[in-house]
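Participant:
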Amino acid sequence: QQQQQQQQQQSIVTSTQDQDVLFGRMYEHPGNQRLRLAVENMAEEYNASTRGRKKEIADSLVRGVKSRGGRFLKPVLEAGKWVEVSDKQAEQKISTRFRNCRRKGTGINNTIVNS
(Lines of atoms letter the chains of each structure in order from A and count residues from 1; the text may use other names and numbers.)
(Lines give C-alpha, C1' and ligand atoms only; values in the text may rest on other atoms or scores of the structure.)
Protein backbone atom coordinates (compact mmCIF):
# COMPACT_ATOMS: atom_id res chain seq x y z
CA GLN A 1 0.00 0.00 0.00
CA GLN A 2 2.86 2.37 0.82
CA GLN A 3 4.40 1.60 -2.58
CA GLN A 4 1.11 2.46 -4.31
CA GLN A 5 0.96 5.78 -2.47
CA GLN A 6 4.53 6.60 -3.50
CA GLN A 7 3.71 5.81 -7.13
CA GLN A 8 0.65 8.05 -6.98
CA GLN A 9 2.83 10.90 -5.66
CA GLN A 10 5.26 10.46 -8.54
CA SER A 11 4.25 11.70 -11.94
CA ILE A 12 3.02 9.08 -14.38
CA VAL A 13 4.92 8.71 -17.66
CA THR A 14 2.88 7.47 -20.61
CA SER A 15 5.54 7.38 -23.31
CA THR A 16 9.14 6.25 -23.16
CA GLN A 17 12.14 7.52 -25.09
CA ASP A 18 15.06 5.62 -26.59
CA GLN A 19 17.36 7.11 -23.91
CA ASP A 20 15.26 5.71 -21.04
CA VAL A 21 16.19 2.60 -19.08
CA LEU A 22 13.11 0.51 -18.37
CA PHE A 23 12.83 -1.74 -15.33
CA GLY A 24 11.57 -5.23 -16.06
CA ARG A 25 12.60 -7.50 -18.89
CA MET A 26 12.92 -4.89 -21.63
CA TYR A 27 16.00 -6.38 -23.28
CA GLU A 28 15.45 -4.84 -26.70
CA HIS A 29 14.80 -1.26 -25.57
CA PRO A 30 17.67 0.97 -26.87
CA GLY A 31 18.36 2.58 -23.46
CA ASN A 32 18.59 -0.85 -21.82
CA GLN A 33 20.93 -2.08 -24.55
CA ARG A 34 23.24 0.93 -24.08
CA LEU A 35 23.30 0.40 -20.32
CA ARG A 36 23.99 -3.33 -20.73
CA LEU A 37 26.95 -2.56 -23.01
CA ALA A 38 28.31 0.02 -20.54
CA VAL A 39 28.02 -2.51 -17.70
CA GLU A 40 29.83 -5.17 -19.74
CA ASN A 41 32.60 -2.70 -20.62
CA MET A 42 33.09 -1.69 -16.98
CA ALA A 43 32.55 -5.13 -15.39
CA GLU A 44 36.22 -5.89 -14.78
CA GLU A 45 36.86 -2.55 -13.06
CA TYR A 46 33.64 -2.82 -11.05
CA ASN A 47 34.40 -6.35 -9.84
CA ALA A 48 37.92 -5.37 -8.73
CA SER A 49 36.71 -2.25 -6.90
CA THR A 50 35.99 -1.46 -3.28
CA ARG A 51 32.39 -0.98 -2.18
CA GLY A 52 32.79 2.81 -2.29
CA ARG A 53 34.23 2.74 -5.80
CA LYS A 54 31.42 0.43 -6.96
CA LYS A 55 28.90 3.02 -5.79
CA GLU A 56 30.81 5.73 -7.69
CA ILE A 57 30.75 3.62 -10.87
CA ALA A 58 27.00 2.97 -10.56
CA ASP A 59 26.40 6.67 -9.85
CA SER A 60 28.41 7.67 -12.92
CA LEU A 61 26.27 5.40 -15.10
CA VAL A 62 23.08 6.93 -13.66
CA ARG A 63 24.43 10.42 -14.39
CA GLY A 64 25.41 9.30 -17.91
CA VAL A 65 21.89 8.12 -18.70
CA LYS A 66 20.38 11.31 -17.29
CA SER A 67 22.85 13.57 -19.09
CA ARG A 68 21.52 12.17 -22.38
CA GLY A 69 17.96 12.98 -21.32
CA GLY A 70 17.19 9.43 -20.19
CA ARG A 71 15.20 8.34 -17.17
CA PHE A 72 15.01 5.14 -15.15
CA LEU A 73 11.38 4.04 -15.38
CA LYS A 74 9.47 1.35 -13.53
CA PRO A 75 6.12 0.03 -14.77
CA VAL A 76 3.01 0.71 -12.73
CA LEU A 77 -0.07 -1.48 -12.51
CA GLU A 78 -1.74 0.19 -15.47
CA ALA A 79 -0.38 -1.16 -18.75
CA GLY A 80 1.80 1.24 -20.67
CA LYS A 81 2.39 3.59 -17.75
CA TRP A 82 5.62 4.20 -15.91
CA VAL A 83 7.07 6.18 -12.99
CA GLU A 84 10.58 7.52 -12.70
CA VAL A 85 12.54 5.91 -9.87
CA SER A 86 15.01 7.59 -7.53
CA ASP A 87 18.73 7.72 -8.25
CA LYS A 88 19.27 5.26 -5.40
CA GLN A 89 16.91 2.74 -7.01
CA ALA A 90 18.64 3.27 -10.36
CA GLU A 91 22.06 2.64 -8.73
CA GLN A 92 20.70 -0.55 -7.17
CA LYS A 93 19.48 -1.74 -10.57
CA ILE A 94 22.91 -1.07 -12.08
CA SER A 95 24.63 -2.91 -9.21
CA THR A 96 22.32 -5.86 -9.84
CA ARG A 97 23.27 -5.81 -13.52
CA PHE A 98 26.96 -5.91 -12.60
CA ARG A 99 26.32 -8.92 -10.32
CA ASN A 100 24.34 -10.68 -13.05
CA CYS A 101 27.11 -9.92 -15.53
CA ARG A 102 29.63 -11.54 -13.17
CA ARG A 103 27.43 -14.62 -12.63
CA LYS A 104 26.93 -15.12 -16.36
CA GLY A 105 30.64 -14.67 -17.02
CA THR A 106 30.04 -11.82 -19.44
CA GLY A 107 32.05 -8.67 -19.64
CA ILE A 108 34.59 -7.39 -22.10
CA ASN A 109 37.38 -9.83 -21.21
CA ASN A 110 35.16 -12.86 -20.75
CA THR A 111 33.42 -12.21 -24.05
CA ILE A 112 36.77 -12.19 -25.88
CA VAL A 113 38.10 -15.28 -24.10
CA ASN A 114 34.95 -17.34 -24.45
CA SER A 115 34.13 -16.55 -28.08
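Just so you know, we're using the numbering used here here: the sequence shown kicks off at 954 and counts up by one. The beta-carbon is built from N, C-alpha and C at its ideal position, and this holds for glycine as well. No experiment lies behind these values; they were computed from the predicted model shown.
Within the same chain, show all residues whose beta-carbon is closer than 6 Å to that of alanine 1001, passing over the 5 residues directly before and after it, in chain order.
Facilitator: In the sequence shown, counting from the first residue as 1, residue 1001 sits at position 48. Result list for alanine 1001: empty, nothing under 6 Å.
Participant: Less than 8 Å separating the beta-carbons of isoleucine 1010 and glutamate 997?
Facilitator: Indexing the sequence shown from 1 puts residue 1010 at position 57. Indexing the sequence shown from 1 puts residue 997 at position 44. No, the pair does not count as a contact, with Cβ atoms beyond the cut-off.
Participant: Check lysine 1034 in the structure and name its three-state DSSP category.
Facilitator: The count along the sequence shown starts at 1 and reaches residue 1034 at position 81. Three-state result, lysine 1034: coil.
Participant: What residue range does the beta strand (DSSP E) around phenylalanine 1025 cover?
Facilitator: Numbered from its first residue, the sequence shown carries residue 1025 at position 72. Note, phenylalanine 1025: beta strand (DSSP E), 1025 to 1028.
Participant: Can lysine 1007 and serine 1048 be called in contact, C-beta distance under 8 Å?
Facilitator: Locating residue 1007 in the sequence shown gives position 54, where the first residue counts as 1. Locating residue 1048 in the sequence shown gives position 95, where the first residue counts as 1. Result yes, Cβ atoms of lysine 1007 and serine 1048 sit closer than 8 Å.
Participant: If the criterion is Cβ atoms closer than 8 Å, does the pair glutamate 1037 and leucine 1026 meet it?
Facilitator: Taking the first residue of the sequence shown as position 1, residue 1037 is located at position 84. Taking the first residue of the sequence shown as position 1, residue 1026 is located at position 73. Yes, the Cβ-Cβ distance between glutamate 1037 and leucine 1026 is below 8 Å.
Participant: Excluding sequence positions up to five away, which residues of its chain have a Cβ less than 8 Å from the Cβ of glutamine 986?
Facilitator: Translated into positions along the sequence shown, residue 986 becomes position 33. Closer than 8 Å at the Cβ level, and outside the excluded window around glutamine 986, lie Tyr980.
Participant: So which of Ala991, His982 and Arg1024 has the shortest CA-CA distance to lysine 1041?
Facilitator: Against the sequence shown, residue 1041 aligns to sequence position 88. Selected option, being the one with the closest Cα: Arg1024.
Participant: Grab the span of the alpha helix (DSSP H) containing arginine 1006 for me, first residue to last.
Facilitator: By 1-based counting over the sequence shown, the position of residue 1006 is 53. That run of the alpha helix (DSSP H) goes 1004 to 1020.
Participant: Terminal residues of the continuous alpha helix (DSSP H) containing glutamine 996?
Facilitator: Working through the sequence shown from its first residue, we reach residue 996 at position 43. What sits at residue 996 in the sequence shown is alanine, not glutamine. That run of the alpha helix (DSSP H) goes 983 to 1000.
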